[in-house]
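In UniProt numbering, the protein residues as written are 1 to 585.
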């Protein structure tokens, strides 16, 4: 939907958004990897340095342009906030955020044109004044063309969203604050072709820092810079470096942006690392409920509402055992400040590295279902970890198991286990199973399958059982999961029931009669562990049926010595994870 609105702005007449004079730099968590120990006392001789960051304009420097305002208006309605014009004028927002909503004045437009070298001729000034007057008139009358309003086509076909439930739970004021703060991250403008000076510091026993390496990097069109270099090994306190990034000033009068990342760990090439997803694995985003719920939770929900029970305790125990923690997710890089705040409030342990994705059209990607874009990030992370063993943690709300199965196939000697949080059974807990009549019907017709003989066949020996027609239009397929008793390791059976009708001739009656047939097949799933209660009922819900198929497909693809573990609460996984880690540390 959002994608289709782009054409309305291709030829729109508006003044360009003024470039901000101040810049911001964000350094994302990364780790360094030491080489194999072949120096004195088996000390490593080199360290692989990996630094990744983002340079952007300070969003508090200038007001939003018209395109940004329209996109915000669309997104407000999508997540269930009232239109901007109806918000109480007394609603106070943090300083800086409120200024971004301010309409540019004539003087501001004049200064903007002067700074960009535009001529201050009389026609240009009249154009500025006329445009600003039109903006003011539009803001006072919502039925007219305003700075906030959309075209008549958009207004005609866009259905207003219902009010968000968070307005009643946390209040409109807090919803407005969360929305403006987080959407500001998404609309930050990247700075391309910017030279960034990167310095690596070691720390001695007296807590004195020493610069051991210095490099330069240039930002790409999305404002990101990536530095991959090898430096000699230096002893540093707690085996951790510090990284400083400075955006080199274009002019002597311009402001210099600087960021520091402390305690960058040096990991050995051997050990155990945990690679985890974020959404619905660590943070309760509710992807399974659809893109609107994802946008609402991301932009409005308080961080305390997004905890997943027991996950932070589980991850802290894992890191205390000596494993390192890494995140690979479809969440946008632009939302890292919010994700970082969530990690702090939920007491998530130290993050050794992070791989997210960039949204080229941030709002469009936010409201669309996430695709399989994590594969490259997973491969990148695993290769950067040397020869370390990995535990993969995700959920079944997206394609995590499918992607993890591919990773386990590519790195069969390095994957210790796959942990999948069951969010589909949780979400569809209120789905009604097949009715009693249907279940008894299945039990009855299972005895009339073509491969077996039953009393019904004996009572109808006069029937010609050769099928004349098969009714596939009303065919149905159901899957049922059942655990085998007394198996080690844990083994499940996936039962497949395919029900269809055939038409056979009744010679006595002189016409054909429909007859129901059931094909039953069983697939064994060894080394599959359900740490949370599961349902053995035959569900008619397609999502759960598809999940059973994905589970069986992944089990057939992944080596049987790699366990696939289903969980719902973090504390359920503690003992199983400790067993796997203790075997390799």
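Built from N, CA and C at the ideal position, the CB exists for glycine as well.
If you draw a straight line from the alpha carbon of residue 320 to that of residue 342, how long is it in whole angstroms?
Rounded to whole angstroms, residue 320 to residue 342 spans 21 Å at the Cα level.
Taking residue 415 as the reference, which of 397, 423, 425, 393 has the closest Cα?
393
If we require 3 or more residues per run, which beta strand (DSSP E) segments fall completely within the stretch 233-302?
240-247, 257-267, 272-276
So, does the stretch 43-52 touch the stretch 228-237, judging by three or more C-beta pairs under 8 Å?
yes
Look up residue 332 in the DSSP assignment and give the residues it is bridged to.
357
Straight-line CA distance for residue 238 to residue 477?
Between residue 238 and residue 477, the C-alpha separation is close to 58 Å.
Since residue 306 and residue 284 are thought to touch, with beta carbons under 8 Å apart, how far apart are those beta carbons, to the nearest angstrom?
So it is a contact: roughly 5 Å between Cβ atoms.
Assign residue 123 to one of two classes, buried (16 or more other C-beta atoms within 10 Å of its C-beta) or exposed (fewer than that).
A caution first: residue 123 carries a pLDDT of 36, below 50, which makes its placement in the model too unreliable to give a value.
Got a sec? Which residues, its chain only, sit under 6 Å from residue 98 by beta carbon, not counting five neighbours each side?
Residue placement at residue 98 is flagged as unreliable, the pLDDT there being 48, under the threshold of 50; the coordinate-derived value follows with that caveat. Here the set comprises nothing.
Can you check which of these residues, 388, 404, 245, is closest to residue 54 by C-alpha distance?
245
Can you list, in chain order, the residues of its chain whose CB lies under 8 Å from that of residue 313, leaving out five sequence neighbours each side?
Closer than 8 Å at Cβ, skipping near neighbours: 570, 571, 574.
Under the three-state reduction of DSSP, which class applies to residue 66: helix, strand or coil?
helix
Apart from the five residues just before and just after residue 264, which ones in its own chain have a Cβ nearer than 7 Å to its Cβ?
The residues are 30, 31, 32, 240, 241, 242, 243.
Taking C-alpha atoms, which residue in 388, 333, 184 lies nearest to residue 268?
It is 388 whose Cα lies nearest to the Cα of residue 268.
Whole angstroms is fine: what's the gap from residue 260's alpha carbon to residue 27's?
When rounded, the distance between both Cα atoms is 7 Å.
Is residue 550 near residue 409, with beta carbons less than 8 Å apart?
Between residue 550 and residue 409, the C-beta gap is not smaller than 8 Å, which leaves the two residues out of contact.
So if DSSP puts residue 520 in a beta bridge, which residue, or which two residues, is it bridged to?
497
List the residues that DSSP assigns as beta-bridge partners of residue 554.
Residue 554 pairs with nothing; no bridge assigned.
Answer yes if the stretch 64-79 comes into contact with the stretch 191-199, meaning at least three C-beta pairs across the two stretches below 8 Å, and no otherwise.
no
When the Cα of residue 278 is compared with those of 399, 339, 471, which residue comes out closest?
If we check each option's Cα against that of residue 278, 339 comes out closest.
Start and end of the alpha helix (DSSP H) containing residue 577?
574-582
Work out the CA separation of residue 552 and residue 204 for me, nearest whole Å.
Going by the C-alpha atoms only, they are around 53 Å apart.
Where do the ends of the alpha helix (DSSP H) carrying residue 411 lie?
Looking at the DSSP string, residue 411 is not in any alpha helix (DSSP H), and its letter there is neither H nor E.
From the DSSP output, in three-state form, read off residue 565 for me.
strand
Quick one, are the C-beta atoms of residue 547 and residue 424 less than 8 Å apart?
yes
To the nearest angstrom, how far is it from the Cα of residue 515 to the Cα of residue 186?
59 Å
How would you call residue 142, buried or exposed, if buried means at least 16 neighbouring beta carbons within 10 angstroms?
Bear in mind that a pLDDT of 38 at residue 142, under 50, signals an unreliable position, so the model cannot answer this.
On a CA-only basis, which of 374, 383, 23 is nearest residue 400? Give me that one, please.
Each of 374, 383, 23 was checked against the Cα of residue 400, and the nearest Cα belongs to 374.
Under three-state DSSP, which class holds residue 191?
coil
DSSP has residue 394 in a bridge; who is on the other side?
In the DSSP assignment, residue 394 is bridged to 420.
Using the Cα positions of residue 502 and residue 511, report the straight-line distance between them to the nearest angstrom.
13 Å
So what does DSSP say about residue 456, is it helix, strand or coil?
Model confidence at residue 456 stands at a pLDDT of 38, short of 50, so the residue's coordinates are unreliable; what they give is reported in the following sentence. Three-state DSSP puts residue 456 in a helix.
Mind checking which residues open and close the beta strand (DSSP E) that includes residue 31?
No beta strand (DSSP E) contains residue 31, which DSSP labels as neither H nor E.
Measuring CB atoms only, is the stretch 486-503 touching the stretch 517-534, in the sense that at least three cross pairs come out at less than 8 Å?
yes
Please name the residue in 165, 294, 298 whose C-alpha comes closest to that of residue 178.
298
Can you give me the Cβ contacts of residue 271 inside the same chain, cut-off strictly under 6 Å, excluding the 5 residues immediately before and after it?
Cβ within range, chain order: 388.
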